[in-house]
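The structure appears right after this line, and notes come after that.
Residue numbers (my numbering): 2 to 144.
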């Protein structure tokens, strides 16, 4: 009886999808849309993130910063890295120093920085906010 109850509950949960959100049809980004919607509350994140990445200079990686010892930042960080492909993405656990020198140093190596579950320091350029999960900050936008 207990096994039957667990099976019924399992089937009902699978039909609901991740966090109760179902993909909107058979699109290429259906799964990513659903996961990002559960993280940010916004369904259009894959499309918006792709548009931001397309504006960046070619060949330079994206730096994804997550707070040290924050396990809740892992999924958003890895989802952003996945969406960044084929552009390389580097994920680091650290807090960045708020200085113009830090911005210039990072600008030499990276096309953009994604701050996961933390706000960009004021010395950094304005970025695009994706819910409370992450902020995308371009460091060198091509014309």
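All residues carry an ideal CB built from backbone N, CA and C; glycine is no exception. Please read these numbers as outputs of a predicted model, since none were measured by experiment.
Rounded to the nearest angstrom, what separates residue i and residue j at their Cα positions?
i, j, result
"residue 133", "residue 2", "42 Å"
"residue 122", "residue 41", "21 Å"
"residue 77", "residue 6", "33 Å"
"residue 56", "residue 49", "11 Å"
"residue 10", "residue 4", "10 Å"
"residue 52", "residue 8", "42 Å"
"residue 139", "residue 101", "15 Å"
"residue 119", "residue 67", "7 Å"
"residue 93", "residue 31", "27 Å"
"residue 35", "residue 91", "24 Å"
"residue 144", "residue 70", "With a pLDDT of 41 at residue 144, under the threshold of 50, the modelled position of this residue cannot be trusted, and the question is left open."
"residue 106", "residue 60", "17 Å"
Could you check whether residue j and residue i sit closer than 9 Å to each other, using their CB atoms as the reference points?
i, j, result
"residue 135", "residue 115", "yes"
"residue 62", "residue 87", "no"
"residue 33", "residue 12", "no"
"residue 37", "residue 80", "yes"
Thinking C-alpha only, which one of the options is nearest residue i?
i, options, result
"residue 58", "5, 113, 77 and 86", "113"
"residue 85", "31, 9 and 137", "137"
"residue 117", "107, 97, 106 and 110", "97"
"residue 130", "43, 102 and 67", "43"
"residue 95", "106, 109, 108 and 64", "64"
"residue 128", "54, 39, 35 and 31", "54"
**Asked** Per the contact definition of three or more C-beta pairs closer than 8 Å, is the region 63-74 in contact with the region 123-131?
**Response** No, because fewer than three Cβ pairs between the region 123-131 and the region 63-74 fall closer than 8 Å, the two stretches do not touch.
**Request:** Scan the region 37-88 and note each continuous beta strand (DSSP E) run of 3 residues or more that stays entirely inside, going in chain order.
**Result:** 63-67, all fully within the region 37-88.
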